[in-house]
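Undergrad: Numbering (this note's numbering), first residue to last: 1 to 77.
From the three backbone atoms N, C-alpha and C, an ideal C-beta is built for every residue, glycine too.
Since we're looking at a predicted model, the values are computed, not measured.
Below is a structure I'd like to ask you about.
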């Protein structure tokens, strides 16, 4: 939760009963933000897992063919 929202939540708690709906709204918004972050991280993890598979495959075949090599230009020169 961003610091601004955390402070707002803490202030609501200090005010005591009667603002539970506002607190709940802050928590729900934070939950959605975290879900978005998790979705982005899941996409990153999928890409990393794919890359690991590519490298594992090439290592098991004993070749670097198909793995990017900075000593070779993209045109194969």
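Give the secondary structure of residue 64 by DSSP, where H, G and I count as helix, E and B as strand, and everything else as coil.
TA: Along the chain shown, one-based indexing puts residue 64 at 64. Coil at residue 64, not helix or strand.
Undergrad: Residue 67 and residue 54 - do their beta-carbons sit closer together than 8 Å?
TA: By one-based count along the chain shown, residue 54 stands at place 54. By one-based count along the chain shown, residue 67 stands at place 67. Yes. Within cutoff.
Undergrad: Within this structure, are the beta carbons of residue 12 and residue 19 separated by less than 8 Å?
TA: Here residue 12 refers to the residue found at position 12 when the chain shown is read from its first residue. Here residue 19 refers to the residue found at position 19 when the chain shown is read from its first residue. Closer than 8 Å, so yes.
Undergrad: Out of 16, 29, 17, state which residue places its alpha-carbon closest to the alpha-carbon of residue 5.
TA: One-based indexing of the chain shown puts residue 5 at position 5. Cα-wise, what sits closest to residue 5 is 29.
Undergrad: Am I right that residue 9 and residue 31 are in contact with their C-beta atoms under 8 Å? What's the rounded C-beta distance?
TA: Residue numbering aside, residue 9 sits at position 9 when the chain shown is read from its first letter. Residue numbering aside, residue 31 sits at position 31 when the chain shown is read from its first letter. Not quite, the Cβ-Cβ distance comes to about 13 Å (not below 8 Å), so this is no contact.
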